[in-house]
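Here's the structure, in structure tokens; my notes come after.
Residue numbers (our numbering): 1 to 397.
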């Protein structure tokens, strides 16, 4: 395979008799939109591949219909973390795009528009975003999920405006690659799914096209990985079957056992306290468990500005739900908050605007319910890990 870099954004590869032209873009760059238009018109390929999935394409062309979101169903199905990640990532892209007067993904839309105009077939070559997020979530521990959300929330809760220099850096391949490397150091499991797997998914779909000349419009940060993977595919060193990275992996045996192990440990400590010192120590342990777990969960609900009734239920439910892996306190508090403060039509209509700021997240009833779920869950989790050592310390008295 021969590779020729004809510019900072274009890489030409020869695979036998085929030519693949990789056009690296920035997702919020007017220059990228112009270059996509120019390259496709000049090259006149047999097919155009775009780094987008069919669902995201519909969202970009038809708009996101937030009114279809059912908050109660999202909570019951435990999809709150996924939705929060999706919303925060969307808000970050919108924030940058707003500085440039652009919507994220316009360069991908431009590629499909030009392809249709020139009657060139085009393909959606990226993996469905929901599968990507689910795989990332399933591969992350609870604390890694918290680290990821904390990082993502930091991108919208900061009040600092991006400087022109920072925005320009986001357009450059080197800056995007640096960002990916930092992500890899911070959360390797997420980097594997969001970057490495998607590189493979994109490269395989591009490789499996039959046309002699293909233009692939992809994010600049993906180009180096795709080039390497296309070479491996050409040499037969990498299977072109994507089934293994299209499925959401089930829980490992350890992940299934650990949630049940915690209540077993708590019950064992309390039972040992009863055998050693009788009811007095047992009651002290039970009160300590309720106080630590319930208080921290209620504190999380307070931070989320939950309804007073929700805060009370958070305190009461956390010590109980933390002993039952089949239900979390977030489900209880989220559903109660959703009942007491039902999202209004205007909350769903303004959701795409409210997610752009800290104040908006709290003002919008829909996102505030998500925060109640999240913060009460975190509080209970912290309470559980603090409570067990506290209980153990009572055994020595």
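We put the CB at the ideal spot given by N, CA and C, even for glycine.
Just so we're clear, the structure is a prediction, and the values are computed from it rather than from any experiment.
- Secondary structure of residue 342, DSSP reduced to three states: Coil, per DSSP.
- Could you pull out every unbroken beta strand (DSSP E) segment of at least 3 residues lying fully inside the segment 107-140, listed in chain order? As far as the segment 107-140 is concerned, its whole beta strand (DSSP E) runs of at least 3 residues are 122-124.
- Start and end residues, beta strand (DSSP E) containing residue 216: 213-219
- Item | Neighbourhood of residue 315 by C-beta distance below 7 Å, restricted to the same chain and skipping five residues each side | 294, 295, 297, 298
- Query: Is it right to say residue 54 is buried, meaning 16 or more other beta carbons lie within 10 angstroms of its own, or is it exposed?
  - Reply: exposed
- Evaluate residue 199 with the Cβ neighbour count: other Cβ atoms within 10 Å of its Cβ, from every protein chain shown; 16 or more gives buried, anything less gives exposed. Buried, by the Cβ-count rule.
- Within 10 angstroms of the Cβ of residue 219, are there 16 or more other Cβ atoms? Answer buried if so, exposed if not. buried
- Would you call the segment 37-56 and the segment 244-260 in contact, with 3 or more CB pairs under 8 Å? Contact fails between the segment 37-56 and the segment 244-260, because fewer than three Cβ pairs, one in each stretch, are under 8 Å apart.
- Message: Using a Cβ-Cβ cutoff of less than 8 Å, which residues in the same chain neighbour residue 137 once the five nearest sequence positions on both sides are dropped?
- Response: 81, 82, 85, 145
- Query: Taking one C-beta from the segment 256-266 and one from the segment 374-392 each time, how about it: are there three or more such pairs within less than 8 Å?
  - Reply: yes
- Message: For residue 193, count the other beta carbons within 10 Å of its own beta carbon; 16 or more makes it buried, fewer makes it exposed. Which is it?
- Response: Residue burial is scored here from C-beta neighbours: residue 193 has at least 16 other C-beta atoms within 10 angstroms and is therefore classed as buried.
- Item | For residue 401, the nearest candidate out of 269, 337, 281, 322 (CA to CA) | Here the chain has residues from 1 to 397 only, and residue 401 is not among them.
- Nearest residue (CA-CA) to residue 242, options 129, 147, 106, 203: 203
- Is residue 275 near the ligand PLP, going by C-beta to nearest heavy atom under 7 Å? No copy of the ligand PLP appears in this structure; indeed no ligand is present at all.
- Query: Are residue 246 and residue 19 touching if we call contact CB-CB under 8 Å?
  - Reply: No, the Cβ-Cβ distance between residue 246 and residue 19 is not below 8 Å.
- Cβ separation of residue 23 and residue 227, assumed to be a contact under 8 Å, to the nearest whole Å: Going by Cβ atoms, the distance from residue 23 to residue 227 rounds to 13 Å, so no, they are not a contact pair.
- Message: Can you give me the C-alpha to C-alpha distance between residue 142 and residue 208, rounded to a whole angstrom?
- Response: 37 Å
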